[in-house]
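Every letter in the sequence shown is one number past the one before it in UniProt numbering, and letter 7, counting from 1, is 7.
One structure is given below, encoded as structure tokens.
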Amino acid sequence: RVCYPDVVPCEDITETDAEAPEFLETLPSETTVKEGDDVLLSCVMKGVPTPCVVWLCNQLIVIRTESEEHTHHASLEVRDVREHDAGSYRVFAINSEGSAESTASLLVAHSREQQGLGFEEEEEE
1 RVCYPDVVPC EDITETDAEA PEFLETLPSE TTVKEGDDVL LSCVMKGVPT
51 PCVVWLCNQL IVIRTESEEH THHASLEVRD VREHDAGSYR VFAINSEGSA
101 ESTASLLVAH SREQQGLGFE EEEEE
């Protein structure tokens, strides 16, 4: 799993500027990808100070990072997707003012070649 972090200092923020994270673009509710392909899960949020981002897959932490400073864009790339990558992905945006979350389901589709591996067709007599 690969994420593109961008750590941003929060020097010039006053308490009156602070705002809890909110998603402007959420994760797609369901994504289907062929086994062996790559998939990019991405979202856009706002919040002051810049939200910390935590990605989970099936309740396990995948990565923690900062969102990008100007766009508050966060993404998680899963390369060479396998069956064990399927499941529920959640992204949390967290700062001193609160948190927000977005959820997606990742489904893995098998190619026809993979479906036929290990199975022999019965011959009709």
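Just so it is clear, CB atoms sit at the ideal spot from N, CA and C, and this is done for glycine as well.
**Request:** Just mark V108 as buried or exposed, buried being the case when its beta carbon has 16 or more other beta carbons within 10 Å.
**Result:** Numbered from 1 along the sequence shown, position 108 holds the residue referred to as residue 108. Result: buried.
**Message:** In the DSSP output, which residue or residues are listed as bridge partners for V39?
**Reply:** Within the sequence shown, residue 39 is the residue found at index 39, counting from 1. Answer is V78.
**Message:** Among T26, G36, L27, whose alpha-carbon lies nearest the alpha-carbon of R82?
**Reply:** Translated into positions along the sequence shown, residue 82 becomes position 82. The candidate whose alpha carbon is nearest that of R82 is G36.
**Asked** In the DSSP assignment, what are the bridge partners of N95?
**Response** On the sequence shown, residue 95 is found 95 positions in, with the first residue counted as 1. DSSP lists G98 as partners of N95.
**Request:** Give me the Cα-Cα distance between C43 and S75, rounded to the nearest whole angstrom.
**Result:** Position 43 of the sequence shown, counted from the first residue, corresponds to residue 43. Position 75 of the sequence shown, counted from the first residue, corresponds to residue 75. Going by the C-alpha atoms only, they are around 6 Å apart.
**Message:** Counting C-beta neighbours from all protein chains within 10 Å, is the total for V110 16 or more, i.e. buried, or is it exposed?
**Reply:** Locating residue 110 in the sequence shown gives position 110, where the first residue counts as 1. Position check: residue 110 holds His in this sequence, whereas Val was assumed. So H110 counts as exposed.
**Message:** Could you check whether E77 and L40 sit closer than 8 Å to each other, using their CB atoms as the reference points?
**Reply:** In the sequence shown, counting from the first residue as 1, residue 40 sits at position 40. In the sequence shown, counting from the first residue as 1, residue 77 sits at position 77. Contact: yes.
**Request:** Look at the alpha carbon of S99 and the alpha carbon of E22, and state the distance between them as a whole number of angstroms.
**Result:** Taking the first residue of the sequence shown as position 1, residue 99 is located at position 99. Taking the first residue of the sequence shown as position 1, residue 22 is located at position 22. Rounded to whole angstroms, S99 to E22 spans 8 Å at the Cα level.
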